[in-house]
Amino acid sequence: SLVAVAGVATTYQTGEVFASDHDDGENDFKERALNLTDHFAFKSSDPATPNDLSMIMYFNPRALPGKNYFLNTNARYEFHVSNVAANTSAASFNENFVFRFEAAAADATGVQAVTLTVLKDGVVQGTPHSGTTTGYADSKAGGASLKIFSDSAGDINFKYFIGMRADSFTFDVVRFFQVRKFLADRFFGGAGGAGDPTAVGRLAPNCKGQGLLAGVLGTPELDGDDVNLFNPPECAPDFTKNYNVTAIVLNVPIADLGGTIFDTWSTVSVAQ
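What follows is the structure, encoded as structure tokens:
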């Protein structure tokens, strides 16, 4: 069996560590290319590589359509893999494997040279691999236009792609903050912070026009959802719609990782 536990963090080698959610803005310590938004890990769904572990990291949130965004040339973009005994084991954060991507400045076509270094238990394996990112036009074209590199480091095989992709994250941000305020008012507002029952009447109807408890206090609703906190998928506005991200996609044969159950996480780090 394969269990991949995904953790996301942005790490700075100044001794400071900043966790990162999907899009928590930019500041002096974390500009867009250092803003790690998502980490995914799963058994490959590609029929050609059914026994690979696939890992993906996203960064450069809210990337505009038609525009290329780049890796920071002072940063290390890393996937970390820890072998664990069981899917109930406590996270150890042992770095049994690290896949480290570093990039040079973009050329005139918007392509960056990339170096992938593979470490096993802290020891560099083989010779660092040289590849490139995929430029925006080729990323958009997809298929054979994608620059997909395959190689090995020691006895560890890998395949990877780096380029712009549509943001697959879906988030109804306006409704999220409406619901968060409602819950805070209802359970922690009012006199003495004991909760404010009148908050129920202040939550706006969802995007189908359904009130919070309309299906309970009024006519039962045909959609079977009588309590309407969040917007239903058919009309919920997606905050990330039409935005892109930069993705690093890495495939590694599970057999090369010395186990079948893993903790995985991604980091972006910059030198002091």
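In the working numbering, the protein residues as written are 35 to 306. Here a beta-carbon is modelled for each residue, glycine too, at the ideal position from N, C-alpha and C.
Review point. What are the start and end residues of the beta strand (DSSP E) that includes residue 187?
Key: Within the sequence shown, residue 187 is the residue found at index 153, counting from 1. Segment 183-187, the beta strand (DSSP E) holding residue 187.
**Study point:** Any 3 or more C-beta pairs closer than 8 angstroms across the region 223-242 and the region 292-299
**Key:** Verdict: no, contact absent.
Review point. Taking all protein chains shown into account, do 16 or more other C-beta atoms lie within 10 angstroms of the C-beta of residue 154, making it buried, or fewer, making it exposed?
Key: Locating residue 154 in the sequence shown gives position 120, where the first residue counts as 1. The Cβ neighbour count for residue 154, taken over all protein chains shown within 10 Å, is at least 16; the residue is labelled buried.
Check your understanding: Is there contact here, the region 268-286 with the region 201-210, by at least three beta-carbon pairs under 8 angstroms?
Key -> Verdict: yes, contact present.
Review point. Between the region 150-164 and the region 125-133, do at least 3 Cβ pairs fall closer than 8 angstroms?
Key: At 8 angstroms Cβ cutoff, the stretches touch.
Point to revise | Sequence-distant residues of its chain with Cβ nearer than 6 angstroms to residue 179 (five each side left out) | key: Mapped onto the sequence shown, residue 179 falls at position 145. So the qualifying residues of the chain are 172.
**Study point:** From 240, 163, 241, 214, residue whose alpha carbon lies closest to that of residue 186
**Key:** Counted from its first residue, the sequence shown places residue 186 at position 152. If we check each option's Cα against that of residue 186, 163 comes out closest.
**Study point:** Own chain residues within Cβ distance below 6 angstroms of residue 96, not counting five before or after
**Key:** Your numbering for residue 96 matches position 62 in the sequence shown. For residue 96, same chain residues with a beta-carbon under 6 angstroms away, outside a window of 5 residues either side, are 277 in chain order.
Review point. Using DSSP with H/G/I as helix, E/B as strand and the rest coil, what is residue 193?
Key: Mapped onto the sequence shown, residue 193 falls at position 159. Three-state result, residue 193: strand.
Check your understanding: Which same chain residues, not among the five before or five after residue 126, have their C-beta less than 8 angstroms away from its C-beta?
Key -> If you number the sequence shown from 1, residue 126 lands on position 92. Around residue 126: 116, 118, 297.
Exercise for review: Would you list, in sequence order, the uninterrupted beta strand (DSSP E) runs of no fewer than 3 residues that lie entirely inside the region 146-180?
Suggested key: Those beta strand (DSSP E) runs which fall completely within the region 146-180 and span 3+ residues are 146-154, 163-166.
Point to revise | CB-CB length for residue 85 against residue 193, believed under 8 angstroms | key: Residue numbering aside, residue 85 sits at position 51 when the sequence shown is read from its first letter. Residue numbering aside, residue 193 sits at position 159 when the sequence shown is read from its first letter. For residue 85 against residue 193, the beta-carbon gap comes to about 13 angstroms, at or over 8 angstroms, which does not count as contact.
Review point. Grouping DSSP H, G and I as helix and E and B as strand, with all else coil, what is residue 295?
Key: Position 261 of the sequence shown, counting from 1, holds the residue named residue 295. Coil, per DSSP.
**Study point:** Range covered by the beta strand (DSSP E) that runs through residue 118
**Key:** Counting from 1 along the sequence shown, the entry for residue 118 is found at position 84. Note, residue 118: premise wrong, no beta strand (DSSP E); not H, not E.
Check your understanding: At a cut-off of 7 angstroms, is residue 213 close to the ligand FMN when judged by its beta-carbon and the heavy atoms of the ligand?
Key -> This structure does not include the ligand FMN; it has no bound ligands of any sort.
Review point. Applying the criterion that 16 or more other CB atoms from any shown protein chain within 10 Å of the CB defines a buried residue, is residue 121 buried or exposed?
Key: Within the sequence shown, the letter at position 87 stands for residue 121. By the 10 Å Cβ count, residue 121 comes out exposed.
Check your understanding: In three-state DSSP terms, what is residue 77?
Key -> The count along the sequence shown starts at 1 and reaches residue 77 at position 43. In the structure shown, residue 77 falls within a strand segment according to DSSP collapsed to helix, strand and coil.
Exercise for review: Could you check which residue in 91, 211, 262 has the C-alpha nearest to that of residue 71?
Suggested key: For the purposes of this step, residue 71 is taken as residue 37 along the sequence shown, with counting starting at 1. Cα-wise, what sits closest to residue 71 is 91.
Point to revise | Cα-Cα separation, residue 265 to residue 114 | key: Position 231 of the sequence shown, counted from the first residue, corresponds to residue 265. Position 80 of the sequence shown, counted from the first residue, corresponds to residue 114. For residue 265 and residue 114, the distance between alpha carbons rounds to 36 angstroms.
Practice item. List the DSSP bridge partners of residue 302. Key: Working through the sequence shown from its first residue, we reach residue 302 at position 268. DSSP, once it has assigned bridges, lists 111 as partnering residue 302.
Exercise for review: Determine, using beta carbons only, whether residue 147 and residue 166 come nearer to each other than 8 angstroms.
Suggested key: The residue labelled residue 147 in the question sits at position 113 within the sequence shown. The residue labelled residue 166 in the question sits at position 132 within the sequence shown. A contact, by the Cβ cut-off of 8 angstroms.
Check your understanding: On the three-state DSSP scale, how would you describe residue 84?
Key -> The residue labelled residue 84 in the question sits at position 50 within the sequence shown. Residue 84 falls in the coil class under three-state DSSP.
Exercise for review: Mind checking which residues open and close the alpha helix (DSSP H) that includes residue 218?
Suggested key: In the sequence shown, counting from the first residue as 1, residue 218 sits at position 184. Where residue 218 is concerned, the enclosing alpha helix (DSSP H) stretches over 207-222.
Review point. Under the rule that 16 or more other beta-carbon atoms within 10 Å means buried, what is residue 137, buried or exposed?
Key: Indexing the sequence shown from 1 puts residue 137 at position 103. With 16 or more other Cβ atoms from the protein chains shown falling within 10 Å of its own Cβ, residue 137 counts as buried.
Check your understanding: Would DSSP call residue 232 helix, strand or coil?
Key -> Position 198 of the sequence shown, counted from the first residue, corresponds to residue 232. Residue 232 carries a helical assignment under DSSP once its states are collapsed to helix, strand and coil.
Exercise for review: Verify whether the separation of the beta carbon atoms of residue 144 and residue 191 is less than 8 angstroms.
Suggested key: Position 110 of the sequence shown, counting from 1, holds the residue named residue 144. Position 157 of the sequence shown, counting from 1, holds the residue named residue 191. Between residue 144 and residue 191, the C-beta gap is not smaller than 8 angstroms, which leaves the two residues out of contact.
Exercise for review: Locate the beta strand (DSSP E) running through residue 134, then write down its first and last residues.
Suggested key: In the sequence shown, counting from the first residue as 1, residue 134 sits at position 100. Residues 131-140.
Practice item. From the DSSP output, in three-state form, read off residue 70 for me. Key: Taking the first residue of the sequence shown as 1, we reach residue 70 at position 36. Here residue 70 sits in strand by DSSP.
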